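Enquirer:
Here it is, written out as structure tokens:
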């Protein structure tokens, strides 16, 4: 067999080994359940439920129930296909995520293999394929990716990355052809545009594909075009990067209200200061991936109040400026450094800058970390080239340690309880981690028939969560729910919850209150009518709720007045107010029909059912409407 053939066989075997190692590392976490945002996006998604019930409407799956401004139709269709073929099985969802992650690792190797020769110093006996293999292997087995792979809803990010990498691979292939004097401009730009568009329809951060390509061009290819085409490349990047940035800047000048920061507890200024520290945190997690650094929630990272509050803000900004300056200064002599820095900053330019998103999420590093890892591998490879045995041992050791860390972290994901307890152990100052630990303990106790025995532990987690973040409604409501019917809530906690509802900044804070109203209307909470009225009035005084949220408050409090207090007139009035406030929600018309049936007015019930049927375009309530219709006729 030829030497070239042997090398190809060796690389293929190594890629296969990495793939097997990756699957084994994630295997123990595949049995976990759906978590967090999986429920609204997948489990409770009416279009996906219709697929599960054998009534698929693929247009509805793609465009009517997704998230994001573009609805993320490709991601939603992939969820629909999962349900169609495998049902609502979390194991199947997670397994598909692992497969996509494997494809992304393979694509990353292909991209690295094409650009590594442009990043390594000339005259050194370093095989670019080996560098690409090690860098891609480190990325594939890195424990920071566990939340991207085993958190089902993050498939949106995985698929966006898949198409971004296909676009960048096409671009690198086309540019390599151009450097050989062949025709490659069409391959480079058409692949970037087509796959970039597909990436955007998976998740909005796919729009960064052109900026990633610019980072690759700037550091690796430097607009060199022996056969011509450099001017067209520059024009392309002006149109795809510079022009959209200028247009969006103009839009922000005219519509500054589009950046709503108040609900997240920071301003534009404090967000940008904080994100400097966060980016440095990300780099430390990438290169020193200790388990204690990782977790679903990082609200224990405080918002920077000023340049020196804390002082690490100024240090972080100085470090990032120095890093960017070094990348610019040595962009020709050390192109690997230039690519690593540019790639990382581009990758975080959407979610870690001006947009009023959550400050920290580790899954935001899924693609951005690839650049620093390749840069580090390219910089270290020449130093180890003269010691091949040491180099092989070091590469194997790093990959083995990462695989072990990923295996251990995936094991934490085997259940909601083990994940929550691991997270709160690593982040005891995180209010959200404390809250999720309390929820998980209570849910596990209920599942085992030992709910009363775990209530004290769950209550303690909730108490810590409430104390750590005075803005959060969730833990205070959870304390009321955990007490149930047997233990009254102290007046000071009712007052504190009322104040939290009055000052709540995000609509999601209404969800636990709505759950509490539903439970109270069933008569299973030790709350007096005066307590419930006080909380309802405080919530109603908050002007930040969306109409849909306000409508649910009217509806659920109306149910409480009707069922618990026996005030039928006020219950009906509030439910009618809910239907008026959110006229596109069939749920309220259904409730009015049920009330009409309860009071014996079948004609009025039929009218409300007819309205509900007209509104229910996805047939989400079809079975209930049919059952009520039958009840009227009987």
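Numbering (the numbering used here), first residue to last: 1150 to 1783. In this text, a Cβ means the ideal position worked out from N, Cα and C, and glycines have one as well. These numbers were taken from a predicted model, which means no experiment stands behind them.
Alpha carbon to alpha carbon, how far is residue 1257 from residue 1517?
Expert: If I take the Cα positions, the gap works out to 12 Å.
Enquirer: Work out the CA separation of residue 1296 and residue 1605 for me, nearest whole Å.
Expert: Cα to Cα, the separation comes out at about 29 Å.
Enquirer: To which residues of the same chain is residue 1614 closer than 6 Å at the C-beta, ignoring the five residues directly before and after it?
Expert: Excluding positions up to five away in sequence, the list reads 1580, 1583, 1584, 1624.
Enquirer: Can you list the alpha helix (DSSP H) stretches of 4 or more residues lying completely in the stretch 1513-1560, in chain order?
Expert: DSSP runs (the alpha helix (DSSP H)) wholly in the stretch 1513-1560: 1519-1533.
Enquirer: What are the boundary residues of the alpha helix (DSSP H) that includes residue 1090?
Expert: Missing from the structure shown is residue 1090; the chain here goes from 1150 to 1783 and no further.
Enquirer: Alpha helix (DSSP H) containing residue 1207: first to last residue?
Expert: Start and end: 1207-1212.
Enquirer: Just list the alpha helix (DSSP H) runs in the stretch 1199-1269, keeping only unbroken ones of 4 residues or longer that don't cross its boundaries, in chain order.
Expert: The stretch 1199-1269 contains these whole alpha helix (DSSP H) runs: 1207-1212, 1222-1235, 1239-1268.
Enquirer: Output yes or no for whether 7 Å exceeds the beta carbon distance between residue 1663 and residue 1701.
Expert: The answer is yes: Cβ separation under 7 Å.
Enquirer: So for residue 1679, helix, strand or coil by DSSP?
Expert: Residue 1679: helix per DSSP, three-state reduction.
Enquirer: Using a Cβ-Cβ cut-off of 7 Å (strictly less than) and excluding sequence neighbours within five positions of residue 1244, which residues of its own chain qualify?
Expert: Contacts found: 1179.
Enquirer: Is the number of C-beta pairs between the stretch 1507-1525 and the stretch 1539-1551 that are closer than 8 Å three or more?
Expert: No, the stretch 1507-1525 does not touch the stretch 1539-1551.
Enquirer: For residue 1385, count neighbouring C-beta atoms within 10 Å of its own C-beta (all shown protein chains included) and say buried if the count is 16 or more, exposed if not.
Expert: Per the 10 Å Cβ criterion, buried.
Enquirer: Could you tell me which residues DSSP pairs with residue 1458 in its beta bridges?
Expert: Paired residue(s): 1455.
Enquirer: Report the CB separation of residue 1311 from residue 1252 in whole angstroms; it is logged as a contact under 8 Å.
Expert: Going by Cβ atoms, the distance from residue 1311 to residue 1252 rounds to 6 Å, so yes, they are a contact pair.
Enquirer: Whole angstroms is fine: what's the gap from residue 1691's alpha carbon to residue 1262's?
Expert: Distance between the alpha carbons of residue 1691 and residue 1262: 56 Å.
Enquirer: Name the two residues that bound the continuous alpha helix (DSSP H) containing residue 1495.
Expert: Unbroken alpha helix (DSSP H) run through residue 1495: 1484-1496.
Enquirer: Checking contacts by CB at 7 Å: is residue 1655 closer than that to chain D?
Expert: Of the protein chains in this structure there is only one, and it is not chain D.
Enquirer: Between which two residues does the alpha helix (DSSP H) containing residue 1429 stretch?
Expert: Note, residue 1429: alpha helix (DSSP H), 1417-1436.
Enquirer: Can you confirm whether the stretch 1705-1725 touches the stretch 1740-1757 when touching is taken to mean that 3 or more C-beta pairs between the two stretches lie within less than 8 Å?
Expert: Output reads yes: the stretch 1705-1725 touches the stretch 1740-1757.
Enquirer: Find the nearest neighbour of residue 1557 within the set 1449, 1164, 1439, judged by alpha-carbon distance.
Expert: Looking at the Cα atoms, 1439 is the closest of the given residues.
Enquirer: Please work out which residues of its chain come closer than 7 Å, Cβ to Cβ, to residue 1158, disregarding the five sequence neighbours upstream and downstream, and give them in chain order.
Expert: None.
Enquirer: Helix or strand or just coil, what does DSSP make of residue 1340?
Expert: Reduced to three states, the DSSP call for residue 1340 is helix.
Enquirer: Can you name, in chain order, every residue of its own chain whose Cβ lies under 6 Å from the Cβ of residue 1188, other than the five neighbours on each side?
Expert: Closer than 6 Å at Cβ, skipping near neighbours: no residue.
Enquirer: Whose C-alpha, out of 1282, 1449, 1748, is nearest the C-alpha of residue 1573?
Expert: Nearest option by C-alpha distance: 1449.
Enquirer: When DSSP labels each residue in this structure, what does residue 1765 get in the three-state scheme?
Expert: Coil.
Enquirer: So, for residue 1351: in the same chain, excluding its five sequence neighbours on each side, which residues have a beta-carbon less than 7 Å away from its beta-carbon?
Expert: Once the five neighbours on either side are set aside, the close Cβ partners of residue 1351 are 1221, 1223, 1224, 1305, 1308, 1309, 1312.
Enquirer: Please go through the same chain and pick out, in chain order, the residues whose beta-carbon is closer than 7 Å to the beta-carbon of residue 1314, but skip the five residues on each side of it.
Expert: Taken in chain order, the residues that qualify are 1253, 1256, 1257, 1260.
Enquirer: What is the DSSP secondary structure of residue 1501, reduced to helix, strand or coil?
Expert: DSSP places residue 1501 in coil when its eight states are reduced to three.
Enquirer: Does the separation of the CB atoms of residue 1761 and residue 1735 fall below 7 Å?
Expert: Yes, the Cβ-Cβ distance between residue 1761 and residue 1735 is below 7 Å.
Enquirer: Could you tell me the alpha carbon to alpha carbon distance between residue 1216 and residue 1665, rounded to whole angstroms?
Expert: Near 26 Å, if we compare the C-alpha coordinates of residue 1665 and residue 1216.
Enquirer: Using a threshold of 7 Å, state whether the C-beta atoms of residue 1565 and residue 1589 are closer than that.
Expert: Result yes, Cβ atoms of residue 1565 and residue 1589 sit closer than 7 Å.
Enquirer: Quick one: Cα of residue 1597 to Cα of residue 1567, how far?
Expert: Rounded to whole angstroms, residue 1597 to residue 1567 spans 15 Å at the Cα level.
Enquirer: For residue 1445, which of helix, strand or coil comes out of DSSP?
Expert: Here residue 1445 sits in coil by DSSP.
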